[in-house]
Amino acid sequence: MTKAMCSSDRKLTDWDQFSLVGGVEQSKELLALLEKAVTFSANAIMITDTKGLILYVNPAFAQITGYTAEDAIGNTPNLLKSGQHSEAFYQDLWQTIMSGKVWRGEMTNRKKNGEIYWEYMTITPLQNDAGEITHFIAIKEDITLRKRAELELERWATTDPLTGISNRRHFFRHGRVVFASAQAQPGDALVALMIDIDHFKSVNDRHGHAAGDIVLRAVASRLKHLLRPGDLFGRYGGEEFAVLLPRTDQSAGRMIAERLRAAIEESPVLFPGGALSLTVSIGAAHADSGTASLEDLLDRADQALYQAKRIGRNRVVFLGENVAGNGGEGKDQRGALEGAGNLFNSFWHLALGIPARFVTLL
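Counting from 516, one number per residue, gives the positions in the sequence shown under my numbering.
Structure, rendered in structure tokens:
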């Protein structure tokens, strides 16, 4: 019986040895397979310690970022920092992974050549048998082309293709936020302007639709150049533009509107053979406790615009103020080609979008 047991034990030991050898071989094959998967992955893979020091990067990392393994190893991921994310963004990232959770998200980074690129990154904490975090592995997918396509689609969805400013839909979407913010804070004044190019139909009729397009682009560029960074500006339709002036009372709103009106009048649009003089009429209204909505505010500004055009054009009218017509067109000037006597007039440089001075040699 003892011999039988010994024989059985010997057979078991032989089997264990066989299994062990087989297991080692399988492990080697698996490790080799994993190494190939990491090496030939299209996504960048980076391994760091808990202090953020880079210990390993795969070849795709170098292909995407331009940094070789020699460049990266021993550095931190700050090597790629784009400067386009807040410190709070990075703090949230580190708090997530240091708590043992996986972090996923989109971010921008900077290549070795300075180019900004987008990536979708997954960072997974790696733990030892004691449950302690020892390393982090980041898998980084380059999504730059997709983000560019998304941004281009967004641009087409929000931007007027002719003038490059906000379209009506985008203006209303953001305008409702601005209006709600002003209504929620007593004393936070808001003024709306409706701006219409005087005699625009005559421009199209006399000089053609191509000239009309140039005028629209010039006026949009000029107004945008003069408005403040926080002002909301968009093409409302046809030759009409809308402006929202946050934190602006009626007095300041009038000053801004007059500056816009004067700028259009004083800077003819340059055309081959001369310059086209333009004027605009501006209707204005300020939001008060009785203003029900953004649409209501703009409708009131539009009523003021109608008054401005009715009493002579080329002027600013606030809704509710006493206005009187002058029986004529006032300072209104119909679009016309100016002659050679206007040397050194101030024109608008469409290519640069800034005021410029030209010598007209006609």
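Think of the CB as a built atom: it goes at the ideal place given N, C-alpha and C, for glycine as much as any other residue. Note that the structure is a prediction, hence the values are computed from the model and not measured.
What number of angstroms, rounded off, separates the C-alpha of K824 from the C-alpha of I710? Taking the straight line from one Cα to the other gives about 11 Å.
Skipping 5 residues on each side, what residues in its chain have a beta carbon closer than 6 Å to that of G567? T591.
What is the residue span of the alpha helix (DSSP H) that R769 lies within? DSSP places R769 in the uninterrupted alpha helix (DSSP H) bounded by 765-781.
Would you identify the three-state DSSP class for L659, choosing helix, strand or coil? Looking at the sequence shown, residue 659 is not Leu but Thr. DSSP, read as helix, strand or coil, puts T659 in helix.
From the DSSP secondary-structure annotation, give me the bridge partner or partners of L641. DSSP, once it has assigned bridges, lists H650 as partnering L641.
Taking a contact to mean a Cβ-Cβ separation below 8 Å, would you say F833 touches A777 in this structure? Against a cut-off of 8 Å, the Cβ pair of A777 and F833 comes out as no contact.
So T637 and I654 are in contact, right, with Cβ under 8 Å, and what is the actual spacing, rounded? Going by Cβ atoms, the distance from T637 to I654 rounds to 5 Å, so yes, they are a contact pair.
Between the alpha carbons of D524 and L549, how many angstroms are there, rounded? Confidence at D524 is low in this model, with a pLDDT of 48, below 50, so its placement is unreliable and no value can be given for it.
Can you tell me where the alpha helix (DSSP H) with T611 in it begins and where it stops? In the DSSP annotation of this structure, the continuous segment of the alpha helix (DSSP H) that includes T611 starts and ends at 602-613.
Straight-line gap, S804 to N719 (C-alpha atoms, nearest Å): Each residue's alpha carbon lies about 41 Å from the other.
Alpha carbon to alpha carbon, how far is L582 from A552? For the sequence presented, residue 582 should be read as Tyr rather than Leu. So the two alpha carbons sit approximately 21 Å from each other.
Which two residues bound the contiguous beta strand (DSSP E) that contains G598? G598 -> no beta strand (DSSP E), and no H or E assigned at all.
So what does DSSP say about R743, is it helix, strand or coil? DSSP places R743 in the coil class of the three-state scheme, outside both helix and strand.
So for T563, helix, strand or coil by DSSP? In the three-state DSSP reduction, T563 falls in the strand class (E or B).
Are three or more beta carbon pairs between the stretch 696-712 and the stretch 750-769 nearer than 8 Å? Segments in contact, yes.
Proximity to P574 [Cα-Cα], best of A587, R691, K543: Comparing Cα-Cα distances from P574 to each of A587, R691, K543, the minimum goes to A587.
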